[in-house]
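These notes concern the structure reproduced below.
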Amino acid sequence: MFSNFDEIDYIYTEEIMATKENDQVDYVSSACAEFLRKQQDISNCINIKAFANLHNYTGLLSSSEAFIKQHFSEVAKAEDFLFSSSGDLVKLISSNDCCSI
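All residue numbers for the sequence shown refer to the working numbering, where the first residue is 6 and numbers rise by one.
Dropping the structure here:
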């Protein structure tokens, strides 16, 4: 089994054949999502959420949303928060489990 950094290195150094019979792409995709989840912090959670949403990483999207809600008062002070869409902010603020500032 690879460590997270070995997996990322593998992505850039090895050729992956994307076929229905080969699940390497799913494995690498899952490993990358897990790596991002572990690296998530106040300064990058908004961008990780946007990335997860764009690429349909539902597990990463859910964990990013939970992280943002749990750390809302700190995230709201981060620069990336200013670039959040109004729709995302309304959804977040209207959530029952979102902390207030």
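We put the beta carbon where it would ideally sit given N, CA and C, even for glycine.
Keep in mind that this is a model prediction, so the values were computed, not measured.
For Arg42 and Leu65, which I take to be in contact (beta-carbon distance under 8 Å), what is that distance rounded to the nearest angstrom? Contact holds; Cβ gap of about 6 Å.
Limits of the alpha helix (DSSP H) - the one that Tyr62 falls within: Counting along the chain, no alpha helix (DSSP H) covers Tyr62, and no H or E run does either.
On the DSSP letters alone, give me the boundaries of the alpha helix (DSSP H) that Lys96 sits inside. 91-98
Distance check for Cys50 and Asp31, CA to CA, integer angstroms please. 23 Å
Residue range of the alpha helix (DSSP H) that Ser35 falls in? 29-44
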